[in-house]
Structure formats: C-alpha cells, structure tokens
Amino acid sequence: DQQVKQNSPSLSVQEGRISILNCDYTNSMFDYFLWYKKYPAEGPTFLISISSIKDKNEDGRFTVFLNKSAKHLSLHIVPSQPGDSAVYFCAASSFLQGAQKLVFGQGTRLTINP
Amino acid sequence: DAMVIQNPRYQVTQFGKPVTLSCSQTLNHNVMYWYQQKSSQAPKLLFHYYDKDFNNEADTPDNFQSRRPNTSFCFLDIRSPGLGDAAMYLCATRIAGGYNEQFFGPGTRLTVL
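So the protein lines, in turn, are chains A and D.
If you count the first sequence from 1, position 80 lands on 80 in our numbering, and the numbers rise without skipping.
The number in our numbering is simply the position in the second sequence, starting from 1, with 1000 added.
Rendered as structure tokens:
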C-alpha cells in the first residue's frame, strides 16, 4: 500500500526551462509535505516544504504547489540548472503521539541537459 | 558545521553475522530516525527515538534493534543480517515541535555476502 507515489522515475529537461516533478498521496491525514533532493553518495537534503493550509510556497527558483482535493503536489524549478540534476523525493508527514513521521515516494531522477 | 554523521559509510558483513551501524549528530535534536532504502525504492522508516522513548514501526523486523545512549548518538543493530537486508541505511534527526524538516546523514551502504 503505497501512500505516496511519484509516478515518473525519471525526467529530462533542458537547461533554462521549467522542471515539474509530481507527487500523489492517498492519506488525507497528511498535513505537511516536503521535497528532498539527493545526490549520489549523499543523504537527502531538504529543499522546500508546504503545510496543508497553503496551496503554494515559493523559495527562489523552487515552488511547491499543493492541491488537497486532488491529493497532488508538484515541485516547479525554474529556470533549471545543471546542478539541479539529482533524485528528488516527495515526502508526506503526519504526527502520531507527538512525533513526525515521513512517508516517502520512490523518487524522480531529474537530468538537466545543457 | 552542525551535521549528522554516519559511520561507516560502507559496511560489508557476512550472512548471519551481527553488524552495528552508528549515527551521531551535533545538532542537539531530540528526535532521531533510522530509515532503510533499497535500490530504486523509497526510504522506509524503521524506528525513531523521541528523546529516550523508542518507537518501533509495526512492520520493522525483530532482527533490527536500536540503541540511543545519549542525545548525540544512535545505533542500528542488525542481529542476523540476511541477503534481503542489503540496503542503504539513513539516519535523520529533527527538533520536535511544529512543522519542520528532518536532517539526514549521508547513509551507510550495507552489503551482505
């Protein structure tokens, strides 16, 4: 039972264009969503997040959109740069007994082509 | 720099031979997590500590144990590793309270021969 899904294992985008990464979830109890970026041989690094009371959060070139009715979120990167090539994980958070638990998607490998 | 450190980065063990992975943090976060990530899969939460309180996920095998002797250190013990336990093991920390992110270490890649 996969509660968080990233249906695109890979995405290739030209440098300077917009990259759009998608994520779907099934559990309506999730109330906080995060995107992590992972380079090879490194741990995931936090990128941007959004709480369920918002539908958009922006940080520089990165914007996350949340559509609660569709249980869908997306990460937009514009303009895309070669250093953005990495695996991106979507994660959904719920709080149980005071502790945050994250459920991750399988990741999307983004390749930015010069 | 404040960080999450995992040692060793690569660990090779034999089938059935106990192995311990370690995680330390200089962030003074009170919550620590262990995740297992198999190739091309999502990281999966094994357990976490909220201060000294240990919380096991329902589907974490008994073969996996954890110890947290103090705020800074957390260990993952695999009592009898099987071939299916070969994976990347990620440690993460977080300060409890509110909406915030988890900070991850670089991971330990475990190979079981």
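No residue lacks a Cβ here, since even glycine has one placed at the ideal position from N, Cα and C.
- For a Cβ distance threshold of 8 Å, nothing in chain A lies close to D:Pro1008: the least Cβ distance comes to about 13 Å.
- A distance below 8 Å between beta-carbons, with the five flanking residues on each side excluded, links D:Asn1100 to the following residues of its chain, in chain order: Arg1094.
- Within the region 1036-1067 of chain D, the residues whose Cβ lies closer than 8 Å to any Cβ of chain A are, in chain order, Ser1040, Gln1041, Ala1042, Pro1043, Lys1044, Leu1045, His1048, Tyr1050, Asn1055.
- Only Glu42, Gly43, Pro44, Thr45, Phe46, Ser49, Ser51 from the region 42-69 of chain A bring a Cβ to less than 8 Å from some Cβ of chain D.
- Checking the DSSP bridge columns, you'll see A:Arg109 partnered with A:Ser10, A:Val87.
- In the three-state reduction of the DSSP assignment, D:Asp1059 falls in the coil class.
- DSSP, reduced to helix, strand and coil, places D:Asp1085 within a helical segment of the structure shown.
- Interface with chain A (9 Å Cβ-Cβ cutoff): D:Val1004 is included.
- The Cβ-Cβ distance between A:Tyr39 and D:Phe1104 does not fall below 9 Å.
- Leu1090: these are the residues of the region 1065-1091 of chain D whose beta carbon lies less than 7 Å from some beta carbon of chain A, given in chain order.
- In the pairwise beta carbon analysis, the region 1002-1022 of chain D is classified as not touching the region 65-72 of chain A: fewer than three pairs are separated by under 8 Å.
- At least one CB of chain D lies nearer than 9 Å to the CB of A:Leu34.
- Looking at the DSSP output, A:Val103 shares a beta bridge with A:Ala92.
- Residue pairing for A:Val4: DSSP places it in a beta bridge opposite A:Tyr25.
- Using beta-carbon distances, A:Phe104 counts as an interface residue toward chain D, with a partner under 9 Å.
- Under DSSP, D:Ala1092 forms a beta bridge with D:Tyr1033, D:Phe1104.
- For the pair D:Asp1077 and D:Val1019, the CB atoms are nearer than the 9 Å cut-off.
- Using a Cβ-Cβ cut-off of 7 Å, D:Val1031 is close to Ala99 of chain A, given in chain order.
- Interface annotation, A:Val78: not in contact with chain D, CB-CB separation never under 9 Å.
- For D:Gln1102, the nearest CB of chain A lies under 9 Å from its own CB, placing it at the interface with that chain.
- As a beta-bridge residue in DSSP terms, D:Asp1077 pairs with D:Thr1020, D:Gln1065.
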